[in-house]
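In the numbering used here, the protein residues as written are 2 to 159. Every residue gets a Cβ at the ideal spot worked out from N, C-alpha and C, and that includes glycine.
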């Protein structure tokens with residue numbers, strides 16, 4: 002079964018990488034896709050986000066990386082023959098945000114949503130937090146680099 006892991010991935014975090022690796026164990030194929038979000042202004046160019054996702058997916062032979070910057074998520078799913086969307090959730094606030102979209106995706110196109118609970122050790126990480134920390138870093142070692150995937154896809158096995 003093919004699944005879609007959509008997001009803005011601006012930037013890709015260790016939390017994203019963890020959800021991607023776990024999803025790759027559960028599905029035959031996972032398409033991780035940079036999507037346009039009208040509620041977010043893109044900080045990194047889409048091409049850089051795609052490169053970072055490819056790096057985060059190193060060693061995951063059943064993962065492909067793509068982008069979709071026009072149309073709805075269900076439009077992409079229909080075109081790609083995907084029936085399942087993967088969403089990582091860090092807590093109740095994420096679930097409250099995701100549930101109406103999951104219901105609408107199901108209503109519009111029969112697309113199911115598969116929620117993966119965040120690893121508790123990574124649940125505090127968000128792309129917004131990483132960006133804010135990077136912009137505010139004042140000390141040489143006071144940055145957000147430890148929240149980003151390691152070069153080479155990280156140390157986790159797959």
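- The continuous beta strand (DSSP E) containing residue 7 extends over residues 3 to 8.
- Boundaries of the beta strand (DSSP E) around residue 88: 85 to 90.
- In the DSSP secondary-structure assignment, residue 102 is not bridged to any residue.
- When DSSP states are grouped into helix, strand and coil, residue 64 belongs to the strand group.
- When DSSP states are grouped into helix, strand and coil, residue 110 belongs to the helix group.
- A straight line joining the alpha-carbon of residue 109 with that of residue 120 spans about 31 Å.
- Beta-bridge analysis with DSSP links residue 69 to 36.
- Within the model, the alpha-carbon separation for residue 48 versus residue 86 is close to 22 Å.
- Taking C-alpha positions only, residue 4 is separated from residue 18 by approximately 15 Å.
- Between residue 68 and residue 36, the C-beta spacing is below 9 Å.
- Around the CB of residue 88, 16 or more other CB atoms lie within 10 Å, so the residue is classed as buried.
- The C-beta distance from residue 12 to residue 74 rounds to 20 Å, too long to fall under 8 Å, and the pair is not in contact.
- DSSP, reduced to helix, strand and coil, places residue 25 within a helical segment of the structure shown.
- In the three-state reduction of the DSSP assignment, residue 31 falls in the strand class, which pools E and B.
- For residue 32 against residue 81, the beta-carbon gap comes to about 7 Å, under 8 Å, which counts as contact.
- Here residue 39 is exposed. Its C-beta has fewer than 16 other C-beta atoms within 10 Å.
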